[in-house]
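**Q** Structure below; questions to follow.
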Amino acid sequence: MVNVGVVGLGLYVPENKMTAKEISEATNGIWSEDAIINKLGIVEKTIPGDDDGTQEMGVRAALEALKDANMKPEELDVIICMGEEWKEYPLTTSALYIQEKIGAINAWGIDIQNRCCTTVSAIKMAKDMIVADEDINTIMVVGGYRNGDFVDYKDPNMSMMFNLSAGGGAIILKKNANKNLVLGSHIKANGDFSRDAGVEIGGIINPFNKDNVEEGYKSLRLMNAKHMKDGLNAISMPNWFECIDKSLEKSGLKREDIDYLAVLHFKKSMHDYMLKELGLNEDQAIYLSDYGHMGQVDQILSLKLALEAGKVKDGSVVLMIAAGIGYVWSANVVKWGEC
């Protein structure tokens, strides 16, 4: 029976930071430094430098993943780019840019997008492709993220996105790796929220004009804030726990088998609630208060930090979870170590 395992991880973290104090100042004091730290859970977050383009951060993470896997780029069969659509040049294919830059001459590439769920979704897709296609042995899931560029800190509805940061991540999956096995995954979506949040200006419906360019580049908004908040309050956690339980069930596991939770950054109260509901303690996750929310890179960041800290070791059951605007929830399970 074919197995699929993780053989390499790569991460790129920009040097530049924005502190809680600076975020508070950007809100004109509407949010205090203390509230940003203790309520939103942001001590500081990464922000992009001049050379930290979305695609370029993906390239840097990809090279790190290849090094971690002790693998040549020519060994890659497919590159799935999970990086965001906000990038150096619109309508360019990020997977192909990364393919060329890292020298993966034998790989074809495709961009996919599921917002902050993209990495978890892409890992499922990559595993399914490897199992189904005898010609595909190795896939890299890779991308960059810097959607924080669009945040207007003076918008009172946008506090849930003050944590948006920047970075790049990569994960390499290989057929019959016999280690770090990708097990069950589950994804759930509700398109009723598909246009409740997004960049409001610069698309077909509200194109750029001479009067709205500056506003447009800060127009990531909750376009239907009440509908989104009221609706998600009712269904978000049940849907997320459904994904968690079904991914565990597909893996032949239960909640009590979880050793580490690789979870995206969100406010601390929700992080603590998630741990409590899953029967986990604070040492079984890493709260990304010094990084912010790198979108779909968070799970790779969390896993890499956990490995470095010794929180994940041979035999550990890792649960990766994500949620993305649109709205979508996801979870997958990785059994770390030799099998």
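Under the working numbering, the first residue of the sequence shown is numbered 2, with each subsequent residue one higher.
The C-beta atom is built at its ideal place from N, Cα and C for all residues, glycine as well.
Given the structure is predicted, the values throughout are model-derived calculations rather than measurements.
Residues in its own chain within less than 6 Å of ALA332 by CB, not counting five upstream and five downstream?
**A** Closer than 6 Å at the Cβ level, and outside the excluded window around ALA332, lie HIS187, CYS244, ILE245, SER248 and ILE322.
**Q** Tell me, which residues are paired with VAL264 by DSSP?
**A** According to DSSP, VAL264 bridges with ILE322.
**Q** Do the CB positions of SER97 and GLY84 come within less than 8 Å of each other?
**A** Checking the sequence shown, residue 97 turns out to be Leu, not Ser. For LEU97 and GLY84, no; Cβs fall outside 8 Å.
**Q** Looking at MET229 and GLU201, is the spacing between their C-beta atoms short of 8 Å?
**A** Going by C-beta atoms, GLU201 is not nearer than 8 Å to MET229.
**Q** Whose CA, out of GLY204, GLU250 and ALA310, lies closest to the CA of LEU92?
**A** Of the candidates GLY204, GLU250 and ALA310, the one whose C-alpha sits nearest the C-alpha of LEU92 is GLY204.
**Q** Going by the CB atoms, is the gap between VAL5 and ASN128 shorter than 8 Å?
**A** Note that residue 128 is Lys in the sequence shown here, rather than Asn. It is a contact, given that the beta carbons lie within the stated cut-off.
**Q** Nearest-angstrom Cα distance between GLU75 and TYR90?
**A** Approximately 26 Å between the Cα atoms of the pair.
**Q** Cα-Cα, which of GLY338, ASN177, CYS82 and VAL7 is closest to GLY169?
**A** Nearest option by C-alpha distance: CYS82.
**Q** Please report the residue range of the alpha helix (DSSP H) in which ALA62 lies.
**A** Start and end: 55-70.
**Q** Classify ILE326: buried if its beta carbon has 16 or more other beta carbons within 10 angstroms, exposed otherwise.
**A** Result: buried.
**Q** Within 10 angstroms of its Cβ, does GLU257 collect 16 or more other Cβ (buried), or is it exposed?
**A** GLU257 is exposed by the Cβ-count criterion.
**Q** Using only the alpha-carbon positions, how far apart do SER166 and GLY338 sit?
**A** Distance between the alpha carbons of SER166 and GLY338 is about 31 Å.
**Q** So within the segment 222-269, which uninterrupted alpha helix (DSSP H) runs reach at least 4 residues, ignoring any that extend past its ends?
**A** As far as the segment 222-269 is concerned, its whole alpha helix (DSSP H) runs of at least 4 residues are 226-251.
**Q** For ASN39, does the three-state DSSP call read helix, strand or coil?
**A** Helix at ASN39.
**Q** How many angstroms separate the CA atom of VAL121 from the CA atom of GLN297?
**A** For VAL121 and GLN297, the distance between alpha carbons rounds to 8 Å.
**Q** Can you give me the C-alpha to C-alpha distance between ILE137 and MET130, rounded to a whole angstrom?
**A** Rounded to whole angstroms, ILE137 to MET130 spans 7 Å at the Cα level.
**Q** Between which two residues does the alpha helix (DSSP H) containing TYR98 stretch?
**A** From DSSP, the alpha helix (DSSP H) with TYR98 extends over 95-103.
**Q** Mind the definition here: the segment 43-52 touches the segment 11-18 only if three or more C-beta pairs lie below 8 Å; say whether that holds.
**A** In short, these stretches touch, since the Cβ pair count reaches three.
**Q** Assuming contact is defined by CB atoms lying nearer than 8 Å, are MET141 and ALA171 in contact in what I supplied?
**A** Yes, the pair counts as a contact, with Cβ atoms nearer than the cut-off.
**Q** Please name the residue in ILE31, ALA235 and ILE301 whose C-alpha comes closest to that of VAL319.
**A** Nearest option by C-alpha distance: ILE301.
**Q** Quick check: what's the CA-CA separation for GLY253 versus LYS268?
**A** The alpha-carbon atoms of GLY253 and LYS268 are separated by roughly 31 Å.
**Q** Any Cβ of chain D within less than 8 Å of the Cβ of ILE322?
**A** Looking at the structure shown, chain D is missing, and only one protein chain is on hand.
**Q** Pick out whichever of LEU41, LYS40 and GLY9 has its Cα sitting closest to the Cα of ASN71.
**A** Of LEU41, LYS40 and GLY9, the residue nearest in Cα terms is GLY9.
**Q** What's the C-alpha gap between ALA178 and THR139?
**A** Looking at the two C-alpha atoms, the distance is approximately 10 Å.
**Q** Note down the Cα distance separating SER290 from GLY104, rounded to an integer number of angstroms.
**A** Looking at the two C-alpha atoms, the distance is approximately 35 Å.
**Q** Quick one: which unbroken beta strand (DSSP E) runs of 3-plus residues sit fully inside the segment 94-171? Chain order, please.
**A** Whole beta strand (DSSP E) segments, 3+ residues: 109-112 and 139-146.
**Q** In terms of residue numbering, what span does the beta strand (DSSP E) encompassing SER186 cover?
**A** Looking at the DSSP string, the run of the beta strand (DSSP E) that includes SER186 is 180-190.
**Q** Can you check DSSP and say which residues form a bridge with LEU174?
**A** Its beta-bridge partners are VAL7 and ILE140.
**Q** Check LEU24 in the structure and name its three-state DSSP category.
**A** First, the amino acid is wrong: residue 24 is Ile here, not Leu. Three-state DSSP puts ILE24 in a helix.
**Q** Do the segment 142-156 and the segment 55-67 make contact, defined as three or more Cβ pairs closer than 8 Å?
**A** Result yes; three or more Cβ-Cβ pairs closer than 8 Å.
**Q** May I have the straight-line CA-CA distance separating ALA27 from TYR154, to the nearest angstrom?
**A** About 6 Å.
**Q** Can you tell me whether VAL335 is helix, strand or coil according to DSSP?
**A** Looking at VAL335 - three-state DSSP - the assignment turns out to be strand.
**Q** Give me, in chain order, the residues of the same chain whose beta-carbon lies closer than 7 Å to that of ASP69; leave out the 5 immediate sequence neighbours on both sides.
**A** The residues are GLY9, LEU10 and GLY11.
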